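Trainee:
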Amino acid sequence: MYPQGTKGLSRIKSRIRELIAWADREICMEPDEFAYRRGWTVNRAGFGCRVYRDPRFDQLTRPAKVAEEVS
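In full-length UniProt numbering, the protein residues as written are 1 to 71.
(1) When you compare each of Leu19, Pro55, Trp22 and Lys7 to Gly39 by their alpha carbons, which one comes out closest?
(2) Quick one: measure Cβ to Cβ for residue 121 and Arg53, integer angstroms, because I've assumed they're closer than 8 Å.
(3) Can you tell me the Cβ-Cβ gap for Asp32 and Arg50, rounded? I've got them flagged as a contact below 8 Å.
(4) Report the rounded CA-to-CA distance for Glu18 versus Leu9, giving the unit in angstroms.
(5) Closest Cβ-Cβ distance between Asp24 and chain C: below 9 Å?
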């Protein structure tokens, strides 16, 4: 094989991956910043797609049942 050809191809692939990652960060920068300021967790779910979660939801519990009042 030609080492220069595969080396050049891997450079091109690497550059394309960098550009895609940069575009993804630019697209989601404002919502991510908003979420981080509020203490939310941010999970990347694909290009331009994020899952935001407020960790306080994990602390919620069901209210206790109130005993029925007999009058």
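By construction, the Cβ of each residue, glycine as well, lies at the ideal position given by its N, Cα and C atoms.
A quick note: this is a predicted structure, and the numbers were derived from the prediction, not measured.
Mentor: In short:
(1) What you label residue 39 is simply residue 39 of the sequence shown in a count that begins at 1. Taking Gly39 as reference, the option from Leu19, Pro55, Trp22 and Lys7 with the minimal CA-CA separation is Pro55.
(2) Because the chain in this structure spans residues 1 to 71, residue 121 falls outside the shown range and cannot be described.
(3) The residue you call residue 32 lines up with position 32 of the sequence shown. The residue you call residue 50 lines up with position 50 of the sequence shown. Between Asp32 and Arg50 a beta carbon distance of about 7 Å is seen, short of the 8 Å cut, so the two are scored as contacting.
(4) Along the sequence shown, one-based indexing puts residue 18 at 18. Along the sequence shown, one-based indexing puts residue 9 at 9. Taking the straight line from one Cα to the other gives about 14 Å.
(5) No chain C is part of this structure, which consists of one protein chain only.
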